[in-house]
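**Student:** I am attaching a structure below and will ask some questions about it afterwards.
There are 2 protein chains.
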Amino acid sequence: MHQLITIGNAAKASGLTAKMIRHYEQSGLLQRPARTEAGYRLYNNEQLNQLKFIRQARNLGFSLHEIKSLLSLWQDPERESRAVKLMAEQHLHEIETKISELQHIQQVLTELATSCRGDSSPDCSILQQLAKID
Amino acid sequence: MHQLITIGNAAKASGLTAKMIRHYEQSGLLQRPARTEAGYRLYNNEQLNQLKFIRQARNLGFSLHEIKSLLSLWQDPERESRAVKLMAEQHLHEIETKISELQHIQQVLTELATSCRGDSSPDCSILQQLAKID
DNA sequence: GTAAACCTTACCACGATGGCAAGGTCAAGT
DNA sequence: ACTTGACCTTGCCATCGTGGTAAGGTTTAC
Chain G
1 MHQLITIGNA AKASGLTAKM IRHYEQSGLL QRPARTEAGY RLYNNEQLNQ LKFIRQARNL
61 GFSLHEIKSL LSLWQDPERE SRAVKLMAEQ HLHEIETKIS ELQHIQQVLT ELATSCRGDS
121 SPDCSILQQL AKID
Chain R
1001 MHQLITIGNA AKASGLTAKM IRHYEQSGLL QRPARTEAGY RLYNNEQLNQ LKFIRQARNL
1061 GFSLHEIKSL LSLWQDPERE SRAVKLMAEQ HLHEIETKIS ELQHIQQVLT ELATSCRGDS
1121 SPDCSILQQL AKID
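Those protein sequences? They're chains G and R, same order as listed.
Here the first sequence stands for residues 1 to 134, where the numbers follow our numbering.
Here the second sequence stands for residues 1001 to 1134, where the numbers follow our numbering.
What follows is the structure in structure tokens.
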């Protein structure tokens, strides 16, 4: 099954865009694929799976830098699952930190929005609060 | 009290950096401040309050574009508090959407991290899941 | 044979911030 | 008066991930 597909089809099959695939190659996530005589990129099945892997990891918010490591680990038969788990936990920690920050903002914004009458008068507790000198 | 301060002191007093203050001026958030003969920017008290306002709004995650609107509303005695409240609610909605997205990621990552033994063996359910073809 | 749909590279853009370089200015200490 | 250090100026480049556009070459289908 050494089926080779062009970048547009690889994009469709992976859920990425051709633009992103080229960018990932440029960023060193992917090895340079084969080319036709005319210079068209050709992807085999293994490379397509790598693209899908990247997409899954992107959907979980891993950075390209992190994904580069994850791909290395994936392709390394000598890896220790410890290393992978560590990356997941670190990323999880960042996610949880961001959630906390956003929840704090959510709380403040909710209070502000609630306290503002929101009518045609210029009096606005939101602006008052933003302008407060603390 | 027409006390004029240079950008470094305005930065300290507002909690921004001089770099950011110049950038906000460049982006049209702030009117061009007075200058000394040597070209140093000089900020008065009203402008300092604007800087503090910007910082508060930035801390709530408003974009510079949104802050430009908020500043306009703040300075407009004819404003309707409705407009301000609407902006706050729209921003709140975006925040809540982001929180939901991150919580979904959090859930998946937690499951993944839990399911991986994290030892010296190469077997790793995280990688298996990322590589899954769905 | 031509048109549509694909591919190539090379640029520029976003948004908000940081960094660095090369230079001018001011204030304090000697 | 002179030096030193701390400030200020502008301008450019970098980040991160993605999108756009332009100018051109190639393949496919009719």
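Beta carbons are placed, not taken as given, at the ideal position from N, Cα and C, and that holds for glycine.
Closer than 8 Å is the cut-off here; do at least three beta carbon pairs connect the stretch 1115-1131 of chain R with the stretch 1010-1030 of chain R?
**Tutor:** The stretch 1115-1131 of chain R is not in contact with the stretch 1010-1030 of chain R.
**Student:** From this set, 1074(R), 1068(R), 1046(R), which residue's C-alpha is nearest residue 123(G)'s C-alpha?
**Tutor:** Indexing the first sequence from 1 puts residue 123(G) at position 123. When each option's Cα is compared against that of residue 123(G), the closest is 1074(R).
**Student:** So which of 1092(R), 1106(R), 1024(R) has the shortest CA-CA distance to residue 1052(R)?
**Tutor:** Here residue 1052(R) refers to the residue found at position 52 of the second sequence. Nearest of 1092(R), 1106(R), 1024(R) to residue 1052(R), Cα basis: 1024(R).
**Student:** How long is the line joining the alpha carbons of residue 27(G) and residue 65(G), rounded to whole angstroms?
**Tutor:** Start at 1 with the first residue of the first sequence, and residue 27(G) comes out as number 27. Start at 1 with the first residue of the first sequence, and residue 65(G) comes out as number 65. Near 9 Å, if we compare the C-alpha coordinates of residue 65(G) and residue 27(G).
**Student:** Looking at the unbroken alpha helix (DSSP H) that takes in residue 125(G), where does it start and where does it end?
**Tutor:** By 1-based counting over the first sequence, the position of residue 125(G) is 125. Here the alpha helix (DSSP H) through residue 125(G) covers 125-131.
**Student:** For the stretch 1076-1130 of chain R, list the alpha helix (DSSP H) runs that are entirely contained and at least 4 residues long, ordered along the chain.
**Tutor:** DSSP runs (the alpha helix (DSSP H)) wholly in the stretch 1076-1130 of chain R: 1081-1115, 1125-1130.
**Student:** Does the distance from the C-beta atom of residue 1047(R) to that of residue 1070(R) stay below 9 Å?
**Tutor:** As a first step, residue 1047(R) is located in the second sequence; it is residue number 47 there, counting from the start. As a first step, residue 1070(R) is located in the second sequence; it is residue number 70 there, counting from the start. Not closer than 9 Å, so no.
**Student:** Using a Cβ cut-off of 9 Å, pull out every chain R residue sitting near residue 57(G), in sequence order please.
**Tutor:** Residue mapping note: residue 57(G) aligns to position 57 of the first sequence, counting from 1. Result: 1130.
**Student:** Out of 34(G), 100(G), 16(G), 19(G), which one is the CA nearest neighbour of residue 5(G)?
**Tutor:** As a working mapping, residue 5(G) is identified with position 5 in the first sequence. Among 34(G), 100(G), 16(G), 19(G), the Cα nearest to that of residue 5(G) belongs to 34(G).
**Student:** Around the Cβ of residue 40(G), are there at least 16 other Cβ atoms within 10 angstroms (buried) or fewer (exposed)?
**Tutor:** Working through the first sequence from its first residue, we reach residue 40(G) at position 40. Classification for residue 40(G): exposed.
**Student:** How big is the Cα-Cα spacing for residue 21(G) and residue 1055(R)?
**Tutor:** Here residue 21(G) refers to the residue found at position 21 when the first sequence is read from its first residue. Here residue 1055(R) refers to the residue found at position 55 when the second sequence is read from its first residue. In a straight line, the C-alpha of residue 21(G) is about 38 Å away from that of residue 1055(R).
**Student:** In the DSSP assignment, find the unbroken alpha helix (DSSP H) run with residue 1050(R) in it and report its ends.
**Tutor:** As a first step, residue 1050(R) is located in the second sequence; it is residue number 50 there, counting from the start. Counting along the chain, the alpha helix (DSSP H) containing residue 1050(R) begins and ends at 1045-1059.
**Student:** Please name the residue, chosen from 1101(R), 1100(R), 1067(R), 1060(R), that lies closest to residue 1050(R) on a Cα-to-Cα basis.
**Tutor:** Here residue 1050(R) is taken as the residue at index 50 of the second sequence, counted from 1. Per the Cα distances, 1067(R).
**Student:** Should residue 19(G) be labelled buried (16 or more other beta-carbon atoms within 10 Å of its own) or exposed?
**Tutor:** By one-based count along the first sequence, residue 19(G) stands at place 19. It is exposed - the Cβ of residue 19(G) has fewer than 16 other Cβ atoms within 10 Å.
**Student:** What residues in its chain sit with their C-beta under 7 Å from that of residue 36(G), if we drop five residues either side in the sequence?
**Tutor:** As a position in the first sequence, residue 36(G) is number 36, starting the count at 1. Counting only Cβ-Cβ distances below 7 Å, and skipping sequence neighbours, we find 42.
**Student:** Could you check which residue in 101(G), 92(G), 93(G), 94(G) has the C-alpha nearest to that of residue 1096(R)?
**Tutor:** For the purposes of this step, residue 1096(R) is identified with residue 96 of the second sequence, where counting begins at 1. The shortest C-alpha separation from residue 1096(R) is found at 101(G).
**Student:** Can you give me, in chain order, the residues of the stretch 1096-1120 of chain R that have a beta carbon less than 7 Å from any beta carbon in chain G?
**Tutor:** Under the 7 Å Cβ criterion, the stretch 1096-1120 of chain R contributes 1096, 1098, 1099, 1102, 1103, 1105, 1106, 1108, 1109, 1110, 1112, 1113, 1116, 1117, 1118, 1119, 1120.
**Student:** Going by C-alpha to C-alpha distance, which of 93(G), 84(G), 94(G), 103(G) sits closest to residue 1092(R)?
**Tutor:** Along the second sequence, one-based indexing puts residue 1092(R) at 92. Checking every option, the nearest Cα to that of residue 1092(R) belongs to 103(G).
**Student:** Thinking residue 105(G) and residue 1088(R) are a contact (beta carbons under 8 Å), I'd like their distance in whole angstroms, please.
**Tutor:** Stepping through the first sequence from its first residue, residue 105(G) is reached at position 105. Stepping through the second sequence from its first residue, residue 1088(R) is reached at position 88. Not a contact, Cβ separation roughly 11 Å.
**Student:** Buried or exposed: where does residue 99(G) fall if 16 or more other Cβ atoms within 10 Å of its Cβ makes it buried?
**Tutor:** Locating residue 99(G) in the first sequence gives position 99, where the first residue counts as 1. Buried, by the Cβ-count rule.
**Student:** Are the beta-carbon atoms of residue 1045(R) and residue 1002(R) separated by less than 9 Å?
**Tutor:** Walking along the second sequence from the start, residue 1045(R) turns up at place 45. Walking along the second sequence from the start, residue 1002(R) turns up at place 2. Against a cut-off of 9 Å, the Cβ pair of residue 1002(R) and residue 1045(R) comes out as a contact.
**Student:** Looking only at DSSP bridge pairs, what is residue 1042(R) linked to?
**Tutor:** Locating residue 1042(R) in the second sequence gives position 42, where the first residue counts as 1. The partner list for residue 1042(R) (beta bridge, DSSP) reads 1034(R).
**Student:** Give me whichever residues DSSP pairs with residue 5(G) in a beta bridge.
**Tutor:** The residue labelled residue 5(G) in the question sits at position 5 within the first sequence. Looking at the DSSP assignment, residue 5(G) forms a beta bridge with 43(G).
**Student:** Could you confirm whether any beta carbon from chain G is found closer than 9 Å to the beta carbon of residue 1010(R)?
**Tutor:** Position 10 of the second sequence holds residue 1010(R). Not an interface residue.
**Student:** With 9 Å set as the bound, which would you pick, yes or no: does the beta-carbon of residue 61(G) sit closer than that to a beta-carbon of chain R?
**Tutor:** Stepping through the first sequence from its first residue, residue 61(G) is reached at position 61. Closer than 9 Å to some Cβ of chain R, the Cβ of residue 61(G) qualifies, so yes.
**Student:** Evaluate residue 63(G) with the Cβ neighbour count: other Cβ atoms within 10 Å of its Cβ, from every protein chain shown; 16 or more gives buried, anything less gives exposed.
**Tutor:** In the first sequence, residue 63(G) corresponds to position 63, counting from 1. Answer is exposed; the Cβ neighbour count stays below 16.
**Student:** If residue 1113(R) and residue 85(G) are in contact, beta carbons under 8 Å, what's the gap, nearest whole angstrom?
**Tutor:** Start at 1 with the first residue of the second sequence, and residue 1113(R) comes out as number 113. Start at 1 with the first residue of the first sequence, and residue 85(G) comes out as number 85. Yes, residue 1113(R) and residue 85(G) are in contact; Cβ-Cβ is about 6 Å, under 8 Å.
**Student:** In whole angstroms, what separates the C-alpha of residue 1017(R) from that of residue 111(G)?
**Tutor:** Looking up residue 1017(R) in the second sequence gives position 17. Looking up residue 111(G) in the first sequence gives position 111. Those two C-alpha atoms are separated by around 28 Å.
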